[in-house]
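Take a look at the structure set out below.
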Amino acid sequence: MAETPFAPVPTDLDFPRYERQILELWKARQIFEKSLELRGPDAPHFVFYEGPPTANGVPHNGHVLTRVMKDLFPRYQAMLGKRVLRKGGWDTHGLPVEVEVEKELRIHGKAAIEEYGVEPFVARCIESVFRYTTEWERLTERIGFWVSLPDAYVTYHKTYVESVWWALSNLFEKGLLYQGHKVVWWWAQGGTALSSAEVGLGYKSVDDPSVFVAFPLRDEPETALVVWTTTPWTLSSNGYAAVRPGASYDVVKIGAPKEHKGKKPKELRTNAKQLILASELRAAISDKIGHELEVVSTLEGEELVGKRYVPPFDTYYAERRDARVALKEGGDDATWWRVIAEDFVTLDTGAGIVHVAPAFGEDDNKAHAKQLRRYARPDEVELLCAVNPDGSFKPEAGKYAGRWVKDCDKEILSELSDKGVLLFEELYRHDYPFCWRSDEDPLIQMARPAWFIRTTERLADAMADNQAVSWLPEHIKEGRFGDFLRNNVDWALSRERYWGTPLNVWVCTKDPEHKHAPSSVAEIEKLSPTAFNHFYEAKKLDPTLNPHLIVHKPWIDQVELPCPSCGAAMRRVPEVIDCWFDSGCMPFAQWGFPHVEGSVAKFDDAFPADFISEAIDQTRGWFYSLLMISALVFDQPTQKALGLSALRGFPHPYKSCIVLGHVCDKEGKKESKSRGNYTPPEIILDRVRMEFGVLAEAHGQKAPEGKALIAREDLEGMDLQDGAKVALYRADAPEKKRELVIEAQKKLPRRVVLLSDADREALGLEPIEKGLGTMPVEVPRAPVAQRVTMEDENTPAPGADAFRWFFYASSPPWSNTRHSLTNVRLLQKDFHVKLRNVYSFFTIYANIDGWRPTHPAHVGRPPAERSLLDRWLLSEVQLTVRDVRRALDGYLAYDAALRLIDLTESLSNWYVRRSRPRFWAKGLEQDKCDAYATLYEALTTLAELAAPFIPFFSEEIYQNLVVRARLPGARESVHFADYPAPNAAVIDEGLAEEMSAVRQVVSLGLSVRTANRLKVRQPLSHADVVFNDKQTLERLESHRSLIAEELNVHEVNFMFPGHERGAVSFKLKPNFRTLGPRLGKRVQEVKKALDAADGSALHAELSSTGKVVLELGGEKLDFSADEIEVSVSAAEGFAAETGKVGVVVLHTTLTEQLIDEGLLREVASRVQQARKDLGLEFTDRVRLWVGGSRRIQRIVQENQAQLSTECLAPEVSVGELGAAPAGAKEHTLGDETVATLLQKL
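Under the numbering used here, residues 190 to 1430 are what the sequence shown spells out, in order.
Pasting the structure below:
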């Protein structure tokens, strides 16, 4: 048997199976590897940077989004002829890794780590970061993300660390790296400071106390300052009370109790008789404390400055109450517990007097520094700090000693009340930072010694850099990212932790002012040739010792250097650095720059990046660290010194950045493993299955045998309905599966399943240990006997292309996506399934006819000589090529995807449907060859156009239609092909507009049928099309018969507004949304005028002039089409709807002849469905018997030739319904019953 031109397309929609076949083809032919070398070094470069993930957790749907978006544009640019190096990377350092390892070891805090041992802890960190590498690599391959992982950069590797050291050394030499003592956001449980970027990643809404406390004056104990704070735990370290300079303050007498908003006042337990507070806030505070406040006198804020008071706690007061310090200008002053004036005090809330604890607030610390500058010997003043670095109170805090500070708030408030100084307390909700990688740990502000990068000194450069970046969406430039830059503070770089790039600063033991920042191991060994002997000796004893640990703790801590200034010993500072600095160095560190041979040239070729993309969180993470490091390090003098081929101006290190939204559930909430409102990527990619924890009972209920009860959210997550059948099996025994009926059960949490005793026993399962308290994230870690896999074996998963397409086509990528299996399938149906059906249709008929694109006799005529429908499709294809390229050039994936959907819709629901008779025609006449050639060109061009979006299906089409067909110029893979370029000679804008209008008319007419329950198969006598403009009517005149055929009417009449022959009437009303802002209350006058006017006349006016003129109160006003809404109603015997193109009116009266025609179409439709049900090939012929009433028999006999041709039934016979032969199938057609029987000939 001769080989068919094209391989048959399977009829099932098991996309994952086809994709796995493509993966095997790519592997066997090394397609990805070849793609990297396809374009030579002289080809123009397209550079993208891979934001390195950490593989210490299983990848989730958010990672799919970032990876498919990062894959799209490099694929596109490669097909444009660019050289695209896709270097992968792994982020391996920092808090995320340490926190995960601590959880595994069931330890918490630095003391526990040191007790465990730094060296084994570091070894566990390395093990952790690569634990899920296989899962990451599998996902990367499965979704078609082409990135080179074998040579991926790794941030803990020696060459990478040395590159980071080089950057830090560069900053040190520029004076931008310094050690300071500042208030930082402090992760007490982890014992380290966090940068402002990290702090920005961890905010939560929490309720904290808002407290008004009385600070009695020392010389007037019955008069007290009203001091406000939201951190009562810092009161034990109080140093000052701050007022606002220039503000007025009232001395008030506490008067009688009063009600406020119907609430009775609480008892005011205070020893004070008079209070001092901001005049502007007196009324608000009076309401809060529930007492009248009678003004005794008014002072200016400056008059309060210097007054001494008694702090609420005696932590340091008894010892230092009378301590004084000499002033530079002579005399002395009290060190603590006096009133100062500060601009940060506001009058919009609180009491206008603020508690100042210099150890725990940035403004507080700056205020203290200002005081210190007044002193002759500021070093004599010791900072008041009653809190340890681990967040516990020090011994001087008395009964609170050793306890976590925030746990003490309630007791502190109780003690303040007992002392008679608590005036009022309430809770207020605000956003507060938590550790971004240990989200149960709140941060605290604390004064700490730390190393900083002086980012504020080069902020102007960073802001200019930001202005040059092309951000998508644009508002990120001035919004989220711009705001973060404008509020920039120096980068708190150092971390008092263990697993990170060690800070490469050595300090002289003799003179701490002597510091040195070497940039590499080689430089260190040049200063001290034996510096690393301890490591080399350890490596000899243990050859398995990781060679990269030479630059890591604890080994690097043992390196001593001779001081270049005085010769004394230098030791490294103990800190490591912020892991965001690591990842921000990747543009140069990925090459081992500048130490590794050839790294400078590689960096020169790949700097800056044309494109990067990550999630919106990275505006304060990777996006920031990349841009800031580049602006700081690669200034013009540095670039010149490095000898780069050309000086780079801004932007660098990236030109364009797509900021991705979050992946959310169907309710719009961000997917979260802890909440369980997510599904694993596999459910989309390969098999519709999930793991569940097993329950024996829930809320006193048990499952009946044969049923599996789960949460409604999980049922919907698997895109199933109550009563569906699923397979259940243990992960370690998939062959012992059991088929059960699934149902949703109220009050069940996510990711647990309620099974009967019999079903559990049959599957070898036992209830999960935590029962209903099981968190979704805990299910995969439960013992194998306590969890079960549930799988829908009846419906294939959508696959990788569908997953990719969902993220491209559901919404712009910077919007949050509402992800679900259901939504992925809906988008797949509108694109992939339609395209596959067209592809299948083409191969079926091309194989039947033996049509080959390379056969000389089968070649289509030049486009200009083909039919109008062919010319229209070819033009649409080229218009799509033009529009998709424009969109992708601007990084607008969503716009490009919508255009591809439009073309597929045009191809499927217009061209193929309209062209079917041409493909069904006998022989291979020229018109039929033209149709094949047109459809072939559309499909192959679409495969190339869509290749960056759906690489698997595009490859399948290309391999079958191009490679198998041995088309001249065919490439080994679609991804090696040149991206289509628009052919202007084929584009016909006028024809495109005409056909668009035709399709609008048809769509409107079909909407009329749907709204009025008029079946499309039922012919009607007439359709009237009332056009809004003369030009459209004239241009569509030649398409009148096409419209009649599509609407299934015998005749179509074109007319202008006002000529509807009384079939319809119009009603106009104001568009309140658009007219409201313009006219306000006068909109009602417009409504009355429109109600009173002749609707048809106004509609005709609106159609011809584009506006309506109304007289309101003697004034003539114009109203545009956007400001007027038009509705249409039809008379008896008609049905109508209005749309953008005009109005379509259908004549709905049915004659007997029309009814006969409708019945014939219904019979033909049932026969065609019967052919499908029997699995017949398109060329199979059948013997057809039709039974029914005399009317049915007559209709079939009168139209036997037509039925025979349409249904490939050479033999057609009729009979009585009661005499139907065995096997005949009955159908109800309105009032008629029809029986059919098909027999293959």
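Glycine included, every Cβ here is placed at the ideal spot set by N, Cα and C.
Neighbourhood of residue i by C-beta distance below 8 Å, restricted to the same chain and skipping five residues each side
i	result
P662	V848, P1001 and W1003
A1012	The sequence shown places Asn at residue 1012, rather than the Ala named in the question. If we look at N1012 and ignore the five residues flanking it on each side, its Cβ neighbours are K855, F995 and S999.
K914	E928, L929, V930, I931 and N983
R313	V290, E293 and L294
Spatial neighbours of residue i in its chain, beta-carbon cut-off 6 Å, leaving aside the 5 residues before and after
i	result
P763	none
N1172	Q1067
T344	D280, T281, H282 and D771
S1029	V198
C752	C697, H703 and M759
CB-CB length for residue i against residue j, believed under 8 Å
i	j	result
I332	V257	6 Å
I957	R976	7 Å
P783	W355	6 Å
F670	F812	7 Å
L1063	P1052	5 Å
S358	A706	4 Å
V1215	E1249	6 Å
L202	V1101	At roughly 18 Å, the Cβ-Cβ gap does not stay under 8 Å, so L202 and V1101 are not in contact.
Closest Cα partner of residue i within the set the options
i	options	result
G889	K855, Q934, E905 and S861	Q934
V253	H1008, S1309 and E308	H1008
E1178	Q779, R1071 and L616	R1071
A1159	W526, T1043, D1280 and H619	T1043
V1315	A1325, E1321 and L1306	A1325
T1337	G953, T827 and A1319	A1319
Y997	N1026, L1068 and I1139	I1139
F532	A556, T329 and L1024	As written in the sequence, residue 532 is Asp, which differs from the Phe given in the question. When only C-alpha atoms are compared, the closest one is A556.
F641	A820, L682, L674 and H619	L682
R209	V576, K1361, T1340 and F1141	F1141
Residues of its chain near residue i, where Cβ-Cβ distance is below 7 Å and the 5 sequence neighbours each way are ignored
i	result
D743	It is worth fixing the name first, because residue 743 is Pro in this sequence and not Asp. Closer than 7 Å at the Cβ level, and outside the excluded window around P743, lie V307 and E308.
V1272	P1259, F1261, L1264 and G1265
T153	Nothing can be reported for residue 153, as the shown portion of the chain is limited to 190 through 1430.
G246	Y321
W1114	The sequence given here has Glu at residue 1114, not Trp. Here the set comprises nothing.
Three-state secondary structure assigned by DSSP to residue i
i	result
Q1389	helix
I957	coil
T1425	strand
P1266	helix
Y589	helix
M879	strand
N1201	coil
K583	coil
K276	strand
T1006	strand
V694	coil
Q1017	helix
Beta-carbon proximity of residue i to residue j, cut-off 8 Å
i	j	result
A1120	D1038	no
Q779	K259	no
Q561	P567	It should be pointed out that residue 561 corresponds to Leu in this sequence rather than to Gln. Yes.
S1354	R1206	yes
E1133	W688	no
P870	H249	yes
S581	R563	no
V336	V432	no
L943	L898	yes
D1078	M268	no
D630	W376	yes
F404	P285	no
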